[in-house]
Every structure is written in C-alpha cells, then in structure tokens.
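Only one structure is covered here, and it is reproduced in the block below.
Numbering (our numbering), first residue to last: 61 to 198.
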C-alpha cells in the first residue's frame, strides 16, 4: 500500500480497537520477512530502526530501502527511527524517507528535552511526519 506515519496508523488502530505491532529490525532480511508475515494477515506494522541497526547500516541506506519496501507492500508500513538522541540524525532520517521519529531526550534536563521535542513536533507537523514525545505520538 504505502509508507504511513505513526500518527495515521495509531489513529486507525485506536478507532478500530486493535494493536499495532512495532518490530525492531536489524537489516533488510528482518524487514522483508516482517512485511511478508504482516501481509499474510493484512495488518499494518511499524518497522523500528534502533541504535543497534544504525551502528551497522547508515540511515541514508535504511531510509530509501524501507521506503521502497513500503511502496511495494500490500499493507501500510510505518518506518520509525527509534530512540535517537542525536538531533542531526533525526533530521537525516526525515530527509531520507523515514515517516516517523522517536527522539530520546531522557538524558537531558527536563526543560531542554521539552523545548527540543516541541521544536521537532512543530517541524514534523509542517512535514507531515510523526514524532514520539515520551510515549505520546504526535
């Protein structure tokens, strides 16, 4: 079907009263088979690219790869940059086709974390992307 944002899919899941699977991937093979399994049951999924995956595969590779996978799938797919503590990395993810980001500011002072999250939520709204603010997806 298509690449979708976390906000879009959570809205549908909430209204239809079902859970949405978030699956941590480590590379192409994981993502491909998660999508295949989700297609068999006609269920949208979240493909989460966490820090361990990013250690081995650059965002500039993962973003377009997952976007292509989503475009060819028969289900909606959210591509989520998961637990990023680096603002530049978040920007690179959005620039490279990720539909959603989860910025982790838990090591910052509370006010700094809130300010940065508000800035990213505003930017994400302009770009129609999705940002996770401490468990609240916007």
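We put the beta carbon where it would ideally sit given N, CA and C, even for glycine.
Quick one: Cα of residue i to Cα of residue j, how far?
i, j, result
"residue 115", "residue 100", "31 Å"
"residue 138", "residue 128", "12 Å"
"residue 131", "residue 121", "16 Å"
"residue 145", "residue 80", "24 Å"
"residue 142", "residue 89", "18 Å"
"residue 195", "residue 97", "For residue 195, the predicted structure reports a pLDDT of 44, less than 50, and the residue's modelled location is therefore unreliable. A value from the coordinates is still provided. For residue 195 and residue 97, the distance between alpha carbons rounds to 26 Å."
"residue 77", "residue 102", "15 Å"
"residue 240", "residue 179", "Nothing about residue 240 can be read from this structure; the chain reaches only from 61 to 198."
"residue 113", "residue 75", "32 Å"
Under 8 Å between the Cβ atoms of residue i and residue j?
i, j, result
"residue 156", "residue 123", "yes"
"residue 135", "residue 109", "no"
"residue 69", "residue 111", "no"
"residue 152", "residue 174", "no"
For residue i and residue j, which I take to be in contact (beta-carbon distance under 8 Å), what is that distance rounded to the nearest angstrom?
i, j, result
"residue 150", "residue 165", "Between residue 165 and residue 150 the Cβ distance is about 11 Å, and since that is not below 8 Å, they are no contact."
"residue 106", "residue 82", "4 Å"
"residue 95", "residue 133", "5 Å"
"residue 140", "residue 66", "6 Å"
"residue 91", "residue 126", "6 Å"
On the DSSP bridge list, what partners appear for residue i?
i, result
"residue 82", "106"
"residue 119", "The partner list for residue 119 (beta bridge, DSSP) is empty, contrary to what the question assumes."
"residue 63", "137"
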